Ligand SMILES: [Zn+2]
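Residue numbers (the UniProt record's numbering): 1 to 92.
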């Protein structure tokens, strides 16, 4: 995990987890922020570990909660919106 990832307390629950969330390499800073793999058996969100993640609006960084909300929408089956503002716009 990269140094830019916020300090979370991780709990390993492989047998009862409903959503797998992890950080891994995607394409480096400011490309694809995260990806979601909807699945009934193993839904997964992968955040790009090379982004500068924060919680809240910080110039030059990416708000983890906004991207997580967006990706959870994909897990639930939502597509990108055609509007250019809002959490459902194309982020990743
Ligand atoms: Zn998306």
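Ideal Cβ positions, reconstructed from N, Cα and C, are used throughout, including at glycine. It should be emphasised that the depicted structure is a prediction, and the values quoted were computed from it without experimental measurement.
- Burial state of residue 65 (16 or more Cβ within 10 Å): As a first step, residue 65 is located in the chain shown; it is residue number 65 there, counting from the start. By the 10 Å Cβ count, residue 65 comes out exposed.
- On a CA-only basis, which of 50, 48, 67 is nearest residue 57? Give me that one, please. As a first step, residue 57 is located in the chain shown; it is residue number 57 there, counting from the start. Cα-wise, what sits closest to residue 57 is 67.
- Task: Round the Cβ separation of residue 36 and residue 74 to the nearest angstrom and send it over; I've been treating them as touching at under 8 Å.
- Result: Here the question's residue 36 lines up with position 36 in the chain shown. Here the question's residue 74 lines up with position 74 in the chain shown. With a Cβ gap of about 4 Å, residue 36 and residue 74 count as contacting.
- Message: I need the straight-line Cα distance from residue 19 to residue 40, nearest angstrom please.
- Response: In the chain shown, the residue the question calls residue 19 occupies position 19. In the chain shown, the residue the question calls residue 40 occupies position 40. Taking the straight line from one Cα to the other gives about 10 Å.
- Beta-carbon separation of residue 34 and residue 47 under 7 Å? Taking the chain shown and counting its residues from 1, the one referred to as residue 34 is at position 34. Taking the chain shown and counting its residues from 1, the one referred to as residue 47 is at position 47. Going by C-beta atoms, residue 34 is nearer than 7 Å to residue 47.
- Query: What do you get for residue 70, buried or exposed, if any count of 16 or more other CB atoms within 10 angstroms of its CB means buried?
  - Reply: Mapped onto the chain shown, residue 70 falls at position 70. Answer is buried; the Cβ neighbour count reaches 16.
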